[in-house]
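Note sheet for the following structure.
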Amino acid sequence: MSLRTQHDVLSVEWIKLELIRTAYSTRGGLFAAMDPRAVIGWYLLMAVAPWLTHNLTTLAALFVLGAVAVALARVGPLVLGLFVIGLGFELIYLALAATLFGGDLTTVVALLEVTAKLGVLSLASLAAFVSLDPEKLSDALLALRFPPAVAFAVSYGYRMMPILVEEFATVVEGYRLRQAPPAGRGLLGWRALVHWVLITIRAFYPIFLNTAKSVRTTVEALEARGFTFATIDPRGRAIRIGSLRFGPRDAAVLAVTALAVACCYLVGATWPVYRG
Amino acid sequence: MSGGIPPAGPVIEATALSFRYPGAGSDTLRDVDVRIERGDFVAVVGGNGSGKTTLCKTFNGLVPHYWSGEFAGEVRVGGVDTWESSVAELSSVVGYVYQDFQNQLVRPTVRDEVAFGPVNFGLADHAERTAEALRMVGIEHLADRFVWQLSGGQAHLVALASVLALRPEVVVVDEPVAELDPAAAVEIYERLTDLNRDHGITVVTIEHHAEFVARYARSVLLMSDGAPVWHLPTAQALGRAGELARHGIPAPQVVDGLRRIGVTGVPLSVADAATLVRADQDGGVVRRAAPRADVPDDPAREPDRRAVAVAREVGHGFRDVGGGLRPVIDDLSVTLREGDRVALVGGNGAGKTTLMRLLAGIHVPRVGTVELDGVDTRTQRAGRLSERAAYLAQQPERMFLKASVREDVALFPAGRHVPDVDALVDRILDRVRLTEHADRDGRTLSGGQQRRATLAIGLAMRPALLLLDEPTASLDVSSRDDVIAMLADLAEDIACTVVATHDMHLVAEWATRVLVLDGGRVVADTTPRVLFAEPDVLAPAHLVPPQITQLGLELGLDPLPLTVEEFAAHYAPAPLGALT
Chain C
692 MSLRTQHDVL SVEWIKLELI RTAYSTRGGL FAAMDPRAVI GWYLLMAVAP
742 WLTHNLTTLA ALFVLGAVAV ALARVGPLVL GLFVIGLGFE LIYLALAATL
792 FGGDLTTVVA LLEVTAKLGV LSLASLAAFV SLDPEKLSDA LLALRFPPAV
842 AFAVSYGYRM MPILVEEFAT VVEGYRLRQA PPAGRGLLGW RALVHWVLIT
892 IRAFYPIFLN TAKSVRTTVE ALEARGFTFA TIDPRGRAIR IGSLRFGPRD
942 AAVLAVTALA VACCYLVGAT WPVYRG
Chain E
6 MSGGIPPAGP VIEATALSFR YPGAGSDTLR DVDVRIERGD FVAVVGGNGS
56 GKTTLCKTFN GLVPHYWSGE FAGEVRVGGV DTWESSVAEL SSVVGYVYQD
106 FQNQLVRPTV RDEVAFGPVN FGLADHAERT AEALRMVGIE HLADRFVWQL
156 SGGQAHLVAL ASVLALRPEV VVVDEPVAEL DPAAAVEIYE RLTDLNRDHG
206 ITVVTIEHHA EFVARYARSV LLMSDGAPVW HLPTAQALGR AGELARHGIP
256 APQVVDGLRR IGVTGVPLSV ADAATLVRAD QDGGVVRRAA PRADVPDDPA
306 REPDRRAVAV AREVGHGFRD VGGGLRPVID DLSVTLREGD RVALVGGNGA
356 GKTTLMRLLA GIHVPRVGTV ELDGVDTRTQ RAGRLSERAA YLAQQPERMF
406 LKASVREDVA LFPAGRHVPD VDALVDRILD RVRLTEHADR DGRTLSGGQQ
456 RRATLAIGLA MRPALLLLDE PTASLDVSSR DDVIAMLADL AEDIACTVVA
506 THDMHLVAEW ATRVLVLDGG RVVADTTPRV LFAEPDVLAP AHLVPPQITQ
556 LGLELGLDPL PLTVEEFAAH YAPAPLGALT
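If you're matching them up, the sequences are chains C and E in order.
Positions in the first sequence are counted from 1; adding 691 to them yields my numbering.
Positions in the second sequence are counted from 1; adding 5 to them yields my numbering.
Next comes the structure, spelled out in structure tokens:
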């Protein structure tokens, strides 16, 4: 059997660090420095654009634009990897579905259009949400008149995330050490796979109980520090959104994006490709 | 402002207060009358279930506004009747820091966390209040950190700053010592003392440890069975050592030690105690015993005992958020032998937990080798190595995977097809005295019971090497003594036990060998008695010997006493009449 080594990537610890890096935009990037409302505006622009056309050239151009945005936003390997894997599986699935149900290449192309639209949407989501740390996102939601509870839930959810991942890692480790490992790996490692899937499912019971126990303090502390008060009194909201500034940089990014989207449509109009 | 006479009038006054939690069968608080003067530093003491925490929750209105049980009587805070007020309003008078303060932190960064209260209340000067609160507890340098990057002590200070940002007159701190290492606990108490002295803030702490009460509190409120027994100035309160001990608060070691040798007076610190002993020695009240040959010496350490675990030139580290490699263990070599009772000590971040996890084979080192029972940990999976070494995590809840203690204990032996699992599990549960709680979920047990349950889980794994991470942390004194006694009993089943700890009582009373870690290296490998006599090693590792040992050092006793009994043995029996 091969010797064990310390894994720096593809371990639970790595996933935790990646999530933190993603959530708190520690990699920086173009959009991280922008006003969060502008980022949400930018996102809406990019997210709506692909749905207004059936022109495959336009969609391809928009896809390239999305990819550029992802590069500028410095999206990390975990999220990007998940995206690529997701898109890859989607394509394989399309090909299989088309063949199995007696379709041909035209069916694939038809489904490809939807996939491309979803792809542009995903790229825009990646770029936008990797650049918005939870505080900015929560402030932007407040500014856009979302209920304070929703805005808080966003930031608290992020706060809980590293805790949950850690909790998960500990519980899985407990099972790994105390549950007997499968006798052999089995064909293609199916026994090991079943073992891990079972552990993952069983991990939820202790995680939920441990988390539920700690939340009681959190709720009391929220009450004592005026969380409920702030949902009634508007002054807290005024202070929170008072720090948001829509600057020339935000305007410039929005203008350039609008122009780029227009260009995509222009390219599409010049060399149009429609399905079947 | 000086700490002299506080301004007139009580800041908190409870009259004929009773409270019953919804659905509970009896009152948690019964007919309580309490006055807390402005500027006081009150330690609320009492056994588990005496109503300490519930009483403190009436001060900021959580009882009865959040916990709406049956409430009778009156609580006035800063002159306001809490029944007429609300939790939000009262939070600008009373700040509350929880025992599990980590759960109190709800924002990602320290600055946000501290600003959370003032911003929610829409206070125009929220920025100044935040800066002021950070300054008051001395954590300006942490302002931009993420809360999950903080050490326990830092997180506690953040929780404290976040309630101070509302400029309360009273701060309630629930058992700060429980979740913190001693150095961090001292830091918290020093800050609270500053707040009390320089800013006139009334401080109320819930506390089990008489040493902290003696050193910092001005008055002591003893609770029992939902009602105050008495509320006295600290010196007077500690004079009632027997009564405190009956309520689960054993006297500080120096108080106990002096009583044993017949010195009168209640010392509040080691220096006090030394002065009292010297005075009585000069006055002929006590005298030193003749040097004794039979003082228990540390067991001889023949080097030929079986090696249970060997680390050779081990180096290890972890990736941080920035992607850099943070070294934790650095070129460390150590051999643990059969019969060793090893205490692993050192400040936070010294590498204690990492070393234990490497020894247990949960991680493999980046550099060097770890051999467990003669097996290189790189050659076997962690799930196999756990048959040789068991690691018990610091938080007991993290070890509870199943719905009952019995299932948790049986998980390992049942999976390994150990013959007669049921009998084994019964025997172990009996040994840790949990038979009657065996069918409960481990999470619902008390702190001491949870520790014993994890110990049972470890014993059921029947390892050669047992590693425990802070087994006495957050335990009250009697549960702690319980765990220490159980550890002392393990020798017949476990070849070698390693305990990572900040608890110097545990080191003094249990260990035969101490490894001091600093910066991932072993800076001392010795016996407790030798270690406690070496200030050069103690100081950089933030170690403080037990009070009785400090007193022995102060008085120049040789051999250095590790327990109160050893201290008393240095003095001749008190002549009749010296005891009052």
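C-beta atoms are modelled at their ideal positions from N, C-alpha and C, and glycine is treated no differently.
Whole-angstrom distance between residue j and residue i, CA atom to CA atom
i: V952(C); j: A183(E); result: 59 Å
i: G875(C); j: I334(E); result: 34 Å
i: E137(E); j: Q159(E); result: 17 Å
i: R25(E); j: S31(E); result: 6 Å
i: P123(E); j: L913(C); result: 12 Å
i: M361(E); j: Y396(E); result: 7 Å
i: P825(C); j: G880(C); result: 40 Å
i: G244(E); j: S55(E); result: 21 Å
i: A505(E); j: K357(E); result: 6 Å
i: L162(E); j: V99(E); result: 17 Å
i: A860(C); j: H214(E); result: 34 Å
i: A478(E); j: T210(E); result: 18 Å
i: I706(C); j: H236(E); result: 53 Å
i: P272(E); j: L520(E); result: 32 Å
i: A883(C); j: I898(C); result: 22 Å
i: V119(E); j: I144(E); result: 11 Å
i: L701(C); j: R695(C); result: 15 Å
i: A219(E); j: S829(C); result: 46 Å
i: P872(C); j: P370(E); result: 22 Å
i: A513(E); j: P566(E); result: 9 Å
i: P853(C); j: V845(C); result: 14 Å
i: L227(E); j: G51(E); result: 6 Å
i: A93(E); j: R172(E); result: 13 Å
i: G14(E); j: T198(E); result: 21 Å
i: P418(E); j: R393(E); result: 13 Å
i: I433(E); j: R150(E); result: 45 Å
i: S484(E); j: P255(E); result: 12 Å
Local Cβ density within 10 Å of residue i, reported as buried at 16 or more and exposed below that
i: D130(E); result: exposed
i: L950(C); result: exposed
i: N5(E); result: Chain E is shown only over 6 to 585; residue 5(E) falls outside these bounds and no answer can be derived.
i: F895(C); result: exposed
i: Q552(E); result: buried
i: P963(C); result: exposed
i: N201(E); result: buried
i: P741(C); result: buried
i: D795(C); result: exposed
i: A295(E); result: exposed
i: S391(E); result: buried
i: T790(C); result: exposed
i: V319(E); result: buried
i: C61(E); result: buried
i: P550(E); result: buried
i: V259(E); result: buried
Boundaries (first-last residue) of the alpha helix (DSSP H) holding residue i
i: T210(E); result: First-last for T210(E): 207-211, but that is the beta strand (DSSP E), not the alpha helix (DSSP H).
i: E79(E); result: Not the alpha helix (DSSP H): E79(E) falls in the beta strand (DSSP E), residues 75-82.
i: P533(E); result: 533-537
i: V512(E); result: 509-515
i: E571(E); result: 569-573
i: G157(E); result: 157-169
First through last residue of the beta strand (DSSP E) which encompasses residue i
i: I17(E); result: 15-25
i: S224(E); result: 224-229
i: R35(E); result: 34-42
i: W235(E); result: 232-238
i: H321(E); result: 312-324
i: A348(E); result: 346-350
i: P332(E); result: 330-342
Beta-carbon separation (whole angstroms), residue i vs residue j, contact threshold 8 Å
i: A164(E); j: L110(E); result: 6 Å
i: A529(E); j: L536(E); result: 6 Å
i: K904(C); j: R448(E); result: 6 Å
Point to revise | Sequence ranges, alpha helix (DSSP H) only - wholly within the stretch 85-133 of chain E, length at least 4 | key: Runs of the alpha helix (DSSP H) inside the stretch 85-133 of chain E: 92-95, 115-125.
Review point. Hey, which unbroken runs of the alpha helix (DSSP H) at 4 residues or more fall wholly within the stretch 722-802 of chain C?
Key: Taking 4 residues as the minimum length, the alpha helix (DSSP H) runs contained wholly in the stretch 722-802 of chain C are 727-739, 747-763, 768-791, in order along the chain.
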